[in-house]
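Heads up: the structure comes next, in structure tokens.
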Amino acid sequence: MTVQKKSALQFLLFTLLIDFIGFGIIIPVVPNLLKDMLQGNLSTAAVYGGLLSFTYAITQFFFAPIIGGLSDRFGRRPVLLASLFGLGIDYAFLALAPNVFWLFVGRIIAGITGASYGVAGAIIADISPPEKRSQNLGLVGMAFGMGFIIGPIIGGLFSEFGPRAPFWVASSLSLLNWVYGYFVLPETLIEENRRKFNWVMANPFGSVVAFFRYPGPLSGLVVSLFLIFVANHCMETSWSYFTMNKFQWTATKIGFSLAVVGASLAVVQGGLLRIIIPKLGQKNSAYIGILARVVMSALFAFAWEEWMLYALLVPFSFCFIATPAIQGYISNHVSPTQQGEFQGIMGSMMSLSSILGPLLMSFVFSYFTREGMQPYFPGAPFIVSSFLAILSLVIAIISFRKEKLRVGEKVGE
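Listed below in structure tokens is the structure:
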């Protein structure tokens, strides 16, 4: 790897780390902020939390292919830097929001700026040889894990100063990251791999439909990934509400529990993934990751003691092996000129799952925890997550059994 590529990868991982720290900071405090604004209970707050996530996700869904297409035309650097700046401004906006309406406005802004996740994936594709893409995508998971170690702890600790204080911390980190990137981030997209911006492919529906015309098992694997993405939202959307409801956890305690998830996730994706995928292959690694989600989600649902949750958090991190394994397999069969487009499509699929996932999980939680509900079951969203993972596993098995693409064949060539 050249010095420039190494510099790009190091900055990208640092950038994603800061982004995930900011995301992790606000998770433990959102339920209490919504309860204060709405003067309601956790069931009501969970519904509004799901609607806020829906607003963020549907904005990302429409803007992810646009951002990905712009990065294919003008390069990764300017697009990523613009998104980082916008994200820092958005966190400050959320800290000042006087009511729930302005929280929704802030989520729209965040959805536009957060659509740069696909650009990060395109940078990894730019600088990684095919045999290293799954492992380098795993480093994204490591950054996510480290962010979940640091972010929720910061959010939980700063929540002692009020539910808005963590948003100011997240804003400061994002803006410092933007300044750092301005001086450090190199451009990774060479001139001959740039292409004109295509408004047809910038349409999220058009880009997804076009992707399903690709040959081989790729389209089925995207469906499998989509179901995994939806299942992921059980933890992101329901964990805080679930633990507050069933075990009366505080924001600080939630923050530390998510830090355990982050630590174990960082170990798996930052270290073990580089051993697991080369040794077992992308297909078997995907199977292990999906099966882990089936089992762990079901066990979370029926845990009746706090120590059980902590005991399950470490093996739960193996769930995240599946995403880089499948995404790396698909990326290896996409042309270098279309990596930004492909990552934009993946961003749209993630956003589409984020439209459905938070709504599904939050409404399931609200339904099974409403007053007088029989059976009263706060763990219901985790059962939904386990069922989605079973569907994902079946589709992945069918897709991998299809005839493989010819050696060297690239989609788009």
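In numbering that gives the first Met the number 0, the protein residues as written are 0 to 412.
Think of the CB as a built atom: it goes at the ideal place given N, C-alpha and C, for glycine as much as any other residue.
Check your understanding: Between F241 and the rest of its own chain, which residues show a CB-CB distance below 6 Å, the 5 nearest in sequence each way excluded?
Key -> Cβ-Cβ distances below 6 Å link F241 to P377 in the same chain, with the five nearest sequence neighbours on each side left out; the list follows chain order.
Check your understanding: Can you name the start and end residues of the alpha helix (DSSP H) that V259 belongs to?
Key -> A250 to V266
**Study point:** CB-CB length for F381 against A300, believed under 8 Å
**Key:** 4 Å
Point to revise | Under 8 Å between C-beta atoms of M348 and L224 | key: yes
Check your understanding: Do you know how far the Cα of T322 is from the Cα of A7?
Key -> The straight-line gap from Cα to Cα measures roughly 22 Å.
Review point. Mind checking Y328: buried by the 16 CB within 10 Å criterion, or exposed?
Key: buried
Review point. How about T112 and G85: do their beta carbons lie closer than 8 Å?
Key: yes
Check your understanding: Whose C-beta lies closer than 8 Å to the C-beta of Q9 among residues of the same chain, with five residues either side of it excluded?
Key -> none
Check your understanding: Over what stretch of residues does the alpha helix (DSSP H) that includes N176 continue unbroken?
Key -> A164 to V183
Review point. If you drop the 5 nearest sequence neighbours on each side, which residues of the same chain put their C-beta closer than 6 Å to that of F367?
Key: F376 and A379
Review point. Thinking C-beta only, is I17 closer than 8 Å to S158?
Key: In this structure, I17 does not lie closer than 8 Å to S158 by Cβ.
Review point. Buried or exposed: which applies to M360, given that a residue is buried once 16 or more other Cβ atoms fall within 10 Å of its Cβ?
Key: buried
**Study point:** Where G411 falls, given that 16 or more other Cβ within 10 Å makes a residue buried
**Key:** Confidence at G411 is low in this model, with a pLDDT of 46, below 50, so the placement of that residue should be treated as unreliable; the coordinate-derived value is given next. Exposed is the call here.
**Study point:** Sequence-distant residues of the same chain with beta carbon closer than 8 Å to Q281, five excluded per side
**Key:** S133, A324, I325, G327 and Y328
Practice item. Please confirm whether F317 and A142 have their CB atoms less than 8 Å apart. Key: No, Cβ-Cβ distance for F317 and A142 is not below 8 Å.
**Study point:** Segment contact flag, the region 65–83 with the region 146–154, C-beta cutoff 8 Å, min 3 pairs
**Key:** no
Point to revise | Delimiting residues of the alpha helix (DSSP H) encompassing W306 | key: E305 to F315
Review point. Shorter than 8 Å from the beta carbon of A119 to some beta carbon of chain C?
Key: Looking for chain C here will not work: only one protein chain is present.
Point to revise | Neighbourhood of A291 by C-beta, 6 Å cutoff - its chain only, sequence neighbours within 5 removed | key: Non-local beta-carbon contacts of A291 in its own chain, meaning distances under 6 Å to residues more than five positions away in sequence, involve F317 and C318 in chain order.
Practice item. State the DSSP-derived secondary structure class of Y375, mapped to helix, strand or coil. Key: coil
Practice item. Pick helix, strand or coil for L392, following the three-state DSSP scheme. Key: helix
Exercise for review: Give the DSSP-derived three-state secondary structure of A302 in the structure shown.
Suggested key: coil
Point to revise | Presumed contact (8 Å Cβ cut-off) between I354 and A109, rounded CB distance | key: Contact doesn't hold; Cβ gap of about 14 Å is too wide.
Exercise for review: Please work out which residues of its chain come closer than 6 Å, Cβ to Cβ, to R163, disregarding the five sequence neighbours upstream and downstream, and give them in chain order.
Suggested key: A94
Review point. Would you call the region 379–398 and the region 253–267 touching, i.e. three or more CB-CB distances under 8 Å?
Key: no
Check your understanding: Does the separation of the CB atoms of G49 and L358 fall below 8 Å?
Key -> yes
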